[in-house]
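Counted the way UniProt numbering counts, the sequence shown spans residues 1 to 379. Cβ coordinates follow ideal geometry from the N, Cα and C atoms, glycine included. What follows is a set of notes on a single structure, which appears directly below.
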Amino acid sequence: MAADKTPLKLPKENLGVEDFLPLLGTDYVELYVGNAKQAAHYYRSAWGFQPLAYAGLETGLKDRVSYVLQQDKIKLVLTSPLKSGGDINKHIDAHGDGVKVIALWVDDARQSYIETVNRGAESYMEPRVRKDAEGEVVLSGIHTYGETVHVFVERKNYKGVFMPGFRNWDPLYKPSDLGLKYIDHMVGNVGWNEMDKWCQFYAKVMGFSQLVSFDDKDISTEYTALMSKVMSNGNGRIKFPINEPAEGRKKSQIEEYIEFYNGAGVQHMALATDNIIETVGSLKARGVEFLTVPSSYYEDVLDRVGKIDEDLAPLRELGILIDRDEEGYLLQIFTKPILDRPTMFIEIIQRKGAKSFGKGNFKALFEAIEREQESRGTL
Ligand SMILES: [Fe+2]
C-alpha cells in the first residue's frame with residue numbers, strides 16, 4: 001500500500017492553519033473477541049471479508065492470536081487471548097466483544113505521537129519499530145473514549161501483507177466479497193454530558209473540526225433521545241460522530257449501550273458500498289439481520305427525498321432507507337446488534353453526493369431500535 005502523496009485539503013475554516021496530524025485514512029480496526037477463529041469465520045462467511053494475515057502460537061506469540069481480514073480498503077483484526085487474566089481478557093470481561101483499536105494510517109507515526117501527546121493525549125504506546133524481511137512499520141498510540149485507543153501506523157517502508165509479526169493467511173475457504181469498499185465513519189457512544197468533552201479532545205488533540213451537530217430535538221421520538229456531533233479530520237477521510245444519551249420518557253439506546261458495554265465505546269462502523277441493493281441482498285442471504293421500518297416509510301419517502309436513480313421496489317423489499325441533503329442523496333441500512341450484548345452494529349451506506357448522515361431517517365430508525373429495546377426489556 002503506497003502512501004498517498006496528494007496534498008491534504010483542509011476545510012475552509014482551517015485554511016491557513018497547518019494540519020498537524022495529516023491522516024491518510026483508517027488503517028485497520030481491531031476487535032477484542034472471545035473466539036477469534038470463529039469470529040473470523042463469521043466475517044468471511046456473512047460479510048465477505050477475505051483472509052489476509054495471521055499471528056498466533058505458530059508465529060511465536062504465546063498469549064494471543066490475531067486474524068486479519070480485508071475487503072477493499074477495510075481491514076479488520078480479530079484478537080483473542082490464549083491465556084487467562086491478561087489485558088485482553090479484562091477487556092472482554094468488561095465489554096464483551098468490541099472495538100479496541102481504531103488504527104489511523106499516517107506518514108510519520110513518531111510525529112503523530114509527539115503532536116497529539118503534546119496537546120494532551122494520554123499515551124497508549126510510545127513509538128516503536130517492528131521489522132521483518134519485508135521492511136519496517138512504525139507504531140504509536142493514544143487513548144480515546146472509554147478503553148478505546150488510536151494506533152498510528154506508518155507503513156511507507158513496508159512491503160509485506162500486513163505488518164511484521166504476521167504471516168500470510170491463505171485458507172481454501174474464501175466466500176466472495178460483497179462490495180464493501182471503505183469505512184465511511186465510526187461512531188463512539190459516550191456517557192451523560194461527555195459528548196462535548198470528547199469533541200473537544202478530537203478538536204484540540206487531533207485537530208479535527210465539527211461537521212454537524214444534532215440535539216435531542218433532531219434525534220428523539222415520543223420516548224427516547226440522544227445527542228450527536230460529527231468530528232472530521234482536515235482532509236475529511238476520517239469522520240467520528242460522538243453520541244451521548246439525552247433525557248426521554250424511556251431509556252435512550254445510548255444508555256442501553258453504555259450499560260451493556262460497561263462504558264464508552266464504538267457503537268457502529270459504517271461501511272461504504274457502490275451498490276447497496278446488491279450488497280444488502282447478499283448480506284441478508286448470508287444471514288445478517290437488519291433493522292426494519294414500517295412499510296408506511298416508503299409511501300411518502302420520494303416526496304421527501306425527490307427523484308433517485310434506483311427503483312423503489314428493491315429498496316422497500318430490503319428495508320434500505322433514503323435521505324437527501326443539499327449535495328445529493330444517500331442510501332443506508334443498519335444491522336441489529338452483531339454481538340450477544342446489545343452494543344455494536346454495522347451500517348451499510350451508499351453515498352450519491354450526500355455528505356450527511358441520514359438525519360431524515362433518525363425518527364424511523366430510532367423507533368425501530370425502540371421496538372428492539374422493548375423486546376430486550378431494556379426500554
Ligand atoms: Fe452512521
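Rounded distance between the beta-carbons of residue j and residue i, thought under 8 Å
i       : j       : result
His-185 : Pro-241 : 6 Å
Asp-340 : Gly-120 : So it is not a contact: roughly 36 Å between Cβ atoms.
Val-99  : Gly-265 : 7 Å
Ile-348 : Val-280 : 6 Å
Gly-188 : Gly-207 : No, Gly-188 and Gly-207 are not in contact; Cβ-Cβ is about 17 Å, not under 8 Å.
Lys-359 : Asp-218 : 6 Å
Lys-73  : Tyr-182 : 4 Å
Sub-8 Å separation of residue i and residue j beta-carbons
i           : j       : result
Ser-66      : Val-77  : yes
Ile-88      : Val-117 : no
residue 440 : Lys-229 : Residue 440 lies beyond the range of the chain shown here (1 to 379); nothing can be said about it.
Val-106     : Val-153 : yes
Ala-103     : Gly-287 : no
Gln-51      : Trp-169 : Position check: residue 51 holds Pro in this sequence, whereas Gln was assumed. Yes, Cβ-Cβ distance for Pro-51 and Trp-169 is below 8 Å.
Ala-272     : Met-231 : no
Glu-122     : Tyr-158 : no
Lys-355     : Glu-327 : yes
Leu-283     : Lys-336 : no
Leu-251     : Leu-379 : For the sequence presented, residue 251 should be read as Lys rather than Leu. Going by C-beta atoms, Lys-251 is nearer than 8 Å to Leu-379.
Phe-20      : Glu-147 : no
Gly-48      : Leu-211 : no
Lys-352     : Tyr-329 : yes
Buried/exposed call for residue i, threshold 16 Cβ in 10 Å
i           : result
Tyr-173     : exposed
Leu-178     : buried
Pro-294     : exposed
Leu-365     : buried
Asn-361     : buried
Glu-126     : exposed
Lys-239     : buried
Ser-140     : buried
Pro-22      : buried
Asp-93      : exposed
Ser-213     : exposed
Lys-75      : buried
Asp-27      : buried
Gly-377     : exposed
Arg-324     : buried
Arg-44      : buried
Ser-112     : buried
Gly-86      : exposed
Glu-374     : exposed
Arg-249     : exposed
Ala-285     : exposed
residue 443 : Past the boundaries of the shown model lies residue 443; the chain is included only from 1 to 379, so the question cannot be answered.
Glu-30      : buried
Arg-64      : buried
Arg-304     : exposed
Heavy atom of ligand 2 within 7 Å of residue i beta-carbon
i      : result
Gly-96 : Ligands in the displayed structure: ligand 1; ligand 2 is not one of them.
Contact with chain D by residue i, beta-carbon distance below 8 Å
i       : result
Glu-122 : Judged by its chain identifiers, the structure shown contains no chain D, having just a single protein chain.
### Message
Please output, in chain order, the residues near ligand 1 using a CB cut-off of less than 6 Å to any non-hydrogen atom of the ligand.
### Response
Residues flagged by the Cβ proximity filter: His-185, Val-187, His-268, Ala-270, Glu-347 and Phe-357.
### Query
Can at least three beta-carbon pairs, one atom from the segment 308 to 326 and one from the segment 227 to 243, be found at a separation below 8 Å?
Verdict: no, contact absent.
### Cβ contact check for the segment 148 to 164 and the segment 34 to 43: 3 or more pairs under 8 Å
With the cut-off at 8 Å, the segment 148 to 164 and the segment 34 to 43 do not touch.
### Task
Specify whether the segment 353 to 372 and the segment 219 to 233 touch according to this definition: at least 3 beta carbon pairs, one from each stretch, less than 8 Å apart.
Flag = yes, the segment 353 to 372 and the segment 219 to 233 touch.
### Task
Answer yes if the segment 341 to 351 comes into contact with the segment 252 to 267, meaning at least three C-beta pairs across the two stretches below 8 Å, and no otherwise.
Judged by Cβ distances under 8 Å, the segment 252 to 267 makes contact with the segment 341 to 351, as three or more pairs qualify.
### Query
Contact between the segment 54 to 66 and the segment 129 to 148: three or more CB pairs below 8 Å?
Cβ pair count under 8 Å is below three, so no.
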